[in-house]
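In my numbering, the protein residues as written are 27 to 166. Using N, Cα and C, we set each Cβ at its ideal position, and we do this for glycine too. These notes are about the structure you will find just below.
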């Protein structure tokens with residue numbers, strides 16, 4: 027991770043700092059995390075990191091192509107590592123759980139939109155609904 031991060035930072039004339047490395051590692055460990063969740067995770071290791079450092083670093087990491095964001099709620103964006111395979115996010119409005127699915131699950135939608143000349147960014151796609159557990163609990 028740090029070799030790839032260091033190389034990409036150098037290409038942009040930036041340095042590899044311990045904070046940048048910690049923040050990228052936090053995103054990778056948390057899998058899907060808001061900036062506040064990243065901050066809490068990083069502060070568990072280094073208490074001096076502040077929120078503005080996390081936000082700025084996430085922007086830099088996204089510009090470098092090392093993380094992506096999507097909107098899984100009406101709150102802050104949620105970040106995930108680009109080391110993971112591209113995926114569609116499915117979010118339960120009941121419990122807030124997030125599951126990832128292979129892009130093939132929306133292949134027909136992507137193809138239909140492509141026929142109209144629209145190119146879908148599957149990594150930003152979030153589908154909201156109700157998971158099986160919440161559906162079962164509502165029915166009980």
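- Around the beta-carbon of residue 153, fewer than 16 other beta-carbon atoms lie within 10 Å, marking it exposed.
- Comparing alpha-carbon positions, the option among 149, 143, 120 and 128 lying closest to residue 163 turns out to be 120.
- With contact defined as three or more Cβ pairs closer than 8 Å, the region 66-77 and the region 112-128 are not in contact.
- Secondary structure at residue 82: helix, using DSSP grouped into helix, strand and coil.
- Per DSSP, the beta bridge partners of residue 96 are 104.
- Residue 60 and residue 99 have their C-alpha atoms roughly 10 Å apart.
- Secondary-structure assignment with DSSP links residue 117 through a beta bridge to 124 and 154.
- Comparing C-alpha distances from residue 111 to each of 103, 34, 94 and 104 shows the shortest one belongs to 94.
- The region 131-139 makes no contact with the region 74-91, as fewer than three CB pairs between them are under 8 Å.
- When rounded, the separation of the alpha-carbon atoms in residue 40 and residue 157 is 43 Å.
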